[in-house]
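Worksheet: one structure, shown below.
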Amino acid sequence: MATKKAGGSTRNGRDSNPKMLGVKMYGGQAVTAGNIIVRQRGTEFHAGANVGMGRDHTLFATADGVIKFEVKGQFGRRYVKVETA
């Protein structure tokens, strides 16, 4: 005979791995081509001059220079650009 009653089921017990999103390099910082600037879901930040966007909306530098964040347009979009020397 079992000496323990059957345990009930639970709907908890799951947790996803961290995705390490966010701004990785800040305004005024020097970057080299290929450096990741922002990891994001969707276009929280848009790509400006000398910045590329990956499949997962990651923004990265396409040239060496200094990062600048700016807000432009009617809808207050935030752009990231790399100013070259």
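Quick note on numbering: the sequence shown equals residues 1194 to 1278 in the working numbering. Even for Gly, the Cβ is constructed at its ideal location relative to N, Cα and C.
Straight-line CA distance for residue i to residue j?
| i | j | result |
| --- | --- | --- |
| Val1264 | Met1218 | 17 Å |
| Lys1212 | Thr1196 | 44 Å |
| Arg1271 | Asp1249 | 18 Å |
| Gly1266 | Val1244 | 18 Å |
| Ala1199 | Phe1268 | 58 Å |
Which class does residue i belong to by DSSP, given the choice of helix, strand or coil?
| i | result |
| --- | --- |
| His1250 | coil |
| Gly1241 | coil |
| Phe1262 | strand |
Would a C-beta distance cut-off of 9 Å place residue i and residue j closer than the cut-off?
| i | j | result |
| --- | --- | --- |
| Phe1238 | Val1275 | no |
| Gln1222 | Leu1252 | no |
Three CB pairs or more closer than 8 Å across the region 1225-1237 and the region 1247-1264 = Below 8 Å, enough C-beta pairs join the region 1225-1237 and the region 1247-1264 to call them touching: three or more.
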